[in-house]
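Okay, so here's the structure we're looking at.
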Amino acid sequence: MFALAHHPAAGYTSGQQDRYAAWAVRFRMPLTEAHRAMFDANAVLVDQLSAAHSPSAEFSVDESPFAHLSPQEFAAARLKKMGPAATGADRPALTGLLQVPPASWDWRSRSPTVVTPVKDQGALGSCWAFSAVGNVEGQVSIAGGKAAEELSVEQLLECDQTSGVRSVDGERYGDCGAFGGWPFLAYEYWIKAGGVRAAAQMPYCSGVPFGERGSCDACMPEGYSKRLCGDHGDLWCNRSSTRGQGLLGLCHSRAGTAARLKGWRRVGSNASAIAAELVATGPLSIALDATLAFQFYRRGVLDPPRSPLLGGCGRQPELNHAVLLVGYGTDKGKEYWTVKNSWGASWGEEGYFRIKRGEDKCGVESEVTTASLA
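Under the UniProt record's numbering, read the sequence shown as residues 1 to 374, first letter to last.
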């Protein structure tokens with residue numbers, strides 16, 4: 001319980017003070033002058049976002065768990081630069097898929113469910129791991145005809161030091177634990193490592209705040225590329241607090257995995273090809289440029305402008321966030337994708353967002369991948 005002041009701070013009306021205090025109670029945040037000032041500045045920004053994107057999407061400072069952060073602080077905590085969106089780099093879809101996919105689809109409504117509950121990555125650059133894991137969870141569920149089992153994100157953060165060339169731009173990238181990575185490299189790691197572990201065996205602990213139950217202090221993966229990831233030798237860590245790097249040594253064991261892979265593939269960037277692959281295969285890993293609009297998104301269909309101002313992505317989006325595509329549909333004539341995020345269920349539409357389909361908004365159709373089960 002927070003102790004609320006009897007009188008508003010200087011320069012703030014009672015209404016403003018109460019609004020910030022209500023937000024702090026809702027999200028269990030301490031009351032500070034710095035947070036209050038940023039909250040009020042963000043309230044003005046949200047009004048501008050709402051005016052620019054209305055009526056397609058709604059934004060809120062009161063319902064955003066990130067209302068106390070500046071856009072720069074938010075990006076530093078939740079987004080890690082991946083690489084350029086491969087706009088226009090269409091790749092052929094697999095043959096044998098549905099030529100005309102259904103008008104709408106949502107893997108969340110299928111029975112048994114193939115989508116696990118929304119998670120919160122915390123203040124780490126671990127979105128790539130959640131995205132890749134979600135792709136495999138769905139396929140394992142579909143293949144087994146049973147509800148999806150949660151697989152291990154932590155395995156990738158502690159063990160995966162894979163690097164490789166991204167074919168669409170010819171650049172070499174690396175998986176860098178809590179400092180970012182790529183789903184396609186996660187697939188390659190799992191193939192080499194012997195498979196994907198269950199979350200029950202190796203639960204997510206790196207993103208749990210220090211001191212809270214279930215937290216750990218993982219080190220960088222052994223053998224990670226300092227050239228590609230930067231030198232994180234000064235990272236405070238404790239291997240003994242982990243299951244992969246500690247005494248159990250799960251990073252060095254091939255036994256006990258819950259799923260095995262034989263390969264992975266890119267999906268054509270054409271929206272119809274993506275929809276057909278989604279229906280045939282299961283939830284797909286995607287990446288996009290998560291702009292200012294995402295910090296305060298509440299509900300509706302995001303339709304970011306090409307201008308980088310007020311939540312737009314610009315004409316050459318820079319990918320910085322990996323997520324999971326679970327469905328598509330149409331809302332008041334606007335075609336959209338339904339996407340699972342990893343910022344907790346209090347964000348957006350219970351942890352999900354919708355974004356305009358068919359125009360590669362923010363690069364959302366440029367980096368679509370899926371693993372192939374063995």
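Note that the Cβ used here is the ideal one computed from N, Cα and C, for glycine as well.
For the alpha helix (DSSP H) holding residue i, just list the boundary residues, first then last.
i, result
"Thr281", "271-281"
"Trp236", "Where Trp236 is concerned, there is no enclosing alpha helix (DSSP H), given that its DSSP letter is neither H nor E."
"Trp190", "183-193"
"Leu325", "First-last for Leu325: 321-331, but that is the beta strand (DSSP E), not the alpha helix (DSSP H)."
"Lys226", "226-229"
"Ala75", "71-78"
"Gly263", "That residue, Gly263, is in no alpha helix (DSSP H); its beta strand (DSSP E) goes 261-266."
"residue 387", "No information on residue 387 is available, as it lies outside the stretch 1 to 374 that the chain covers here."
"Leu156", "154-159"
For residue i, is the classification buried or exposed, using 16 other Cβ atoms within 10 angstroms of its Cβ as the cut-off for buried?
i, result
"Leu292", "buried"
"Ala93", "At Ala93 the pLDDT is 46, less than 50, meaning the model places this residue with poor confidence and gives no usable figure here."
"Gly263", "exposed"
"Phe74", "buried"
"Ser206", "buried"
"Asn135", "buried"
"His6", "Confidence at His6 is low in this model, with a pLDDT of 31, below 50, so its placement is unreliable and no value can be given for it."
"Glu212", "exposed"
"Pro102", "exposed"
"Lys81", "exposed"
"Thr330", "exposed"
"Asp231", "exposed"
"Arg28", "exposed"
"Arg78", "buried"
"Leu278", "buried"
"Asp90", "Below a pLDDT of 50, predicted positions are generally treated as unreliable, and Asp90, at 42, falls in that range; the measurement from the model is reported next regardless. Exposed."
"Val368", "buried"
"Phe210", "exposed"
"Val44", "exposed"
"Asp18", "exposed"
"Phe304", "Per the sequence presented here, residue 304 reads as Pro, with Phe not at that position. By the neighbour-count rule (16 or more Cβ atoms within 10 Å), Pro304 is buried."
"Val115", "buried"
"Arg243", "buried"
"Gly300", "buried"
"Asp47", "exposed"
"Gly177", "buried"
Which residues bound the beta strand (DSSP E) around residue i?
i, result
"Phe27", "Looking at the DSSP string, Phe27 is not in any beta strand (DSSP E), and its letter there is neither H nor E."
"Val339", "334-340"
"Val301", "297-302"
"Phe353", "352-356"
"Leu373", "369-373"
"Leu309", "Careful: Leu309 lies outside any beta strand (DSSP E) and carries neither H nor E."
"Val165", "163-166"
"Glu171", "171-174"
"Leu288", "284-288"
In whole angstroms, what separates the C-alpha of residue i from that of residue j?
i, j, result
"Gly268", "Phe59", "31 Å"
"Arg26", "Trp347", "12 Å"
"Gly233", "Pro221", "11 Å"
"Ala41", "Glu33", "12 Å"
"Ile142", "Asp106", "14 Å"
"Leu185", "Ala132", "9 Å"
"Asn238", "Leu247", "11 Å"
"residue 403", "Tyr328", "Examination of residue 403 is not possible in this model, given that the chain is present from 1 through 374 alone."
"Leu261", "Pro55", "43 Å"
"Gln316", "Cys127", "21 Å"
"Gly344", "Gly351", "6 Å"
"Ser240", "Tyr204", "15 Å"
"Ser372", "Tyr20", "47 Å"
"Ile286", "Leu319", "10 Å"
"Asp169", "Pro183", "16 Å"
"Lys146", "Ala374", "18 Å"
"Ala37", "Leu69", "10 Å"
"Cys229", "Tyr173", "8 Å"
"Glu349", "Trp236", "35 Å"
"Gln72", "Thr370", "31 Å"
"Lys361", "Glu171", "23 Å"
"Ala322", "Trp23", "28 Å"
"Leu288", "Arg266", "15 Å"
"Gly314", "Arg306", "5 Å"
"Ser342", "Pro117", "10 Å"
"residue 376", "Phe179", "Examination of residue 376 is not possible in this model, given that the chain is present from 1 through 374 alone."
Can you find a C-beta in chain D that's less than 7 Å from the C-beta of residue i?
i, result
"Gln139", "Going by chain labels, chain D is absent from the structure shown, which holds only one protein chain."
Compute the beta-carbon to beta-carbon distance between residue i and residue j, rounded to the nearest angstrom, for a pair I have assumed lies under 8 Å.
i, j, result
"Ser366", "Ala193", "Contact doesn't hold; Cβ gap of about 28 Å is too wide."
"Thr162", "Glu137", "About 20 Å; that fails the 8 Å criterion."
"Val196", "Ser152", "7 Å"
"Gln201", "Gly256", "6 Å"
"Val61", "Ala52", "About 15 Å separates the two Cβ atoms, so there is no contact after all."
"Val140", "Ala259", "5 Å"
"Trp337", "Leu324", "Wrong, their Cβ atoms sit about 11 Å apart, outside the cutoff."
"Ala57", "Leu250", "Actually they do not touch by this definition, with Cβ atoms about 42 Å apart."
"Arg166", "Gly83", "7 Å"
Exercise for review: Count the C-beta pairs between the region 269-284 and the region 149-163 that are closer than 8 Å, then say yes if the count reaches three, no if not.
Suggested key: The region 269-284 vs the region 149-163: no contact.
Review point. Does the region 117-129 come close enough to the region 355-372 that 3 or more CB-CB pairs lie under 8 Å?
Key: The answer is no - the region 117-129 does not touch the region 355-372, with fewer than three Cβ pairs under 8 Å.
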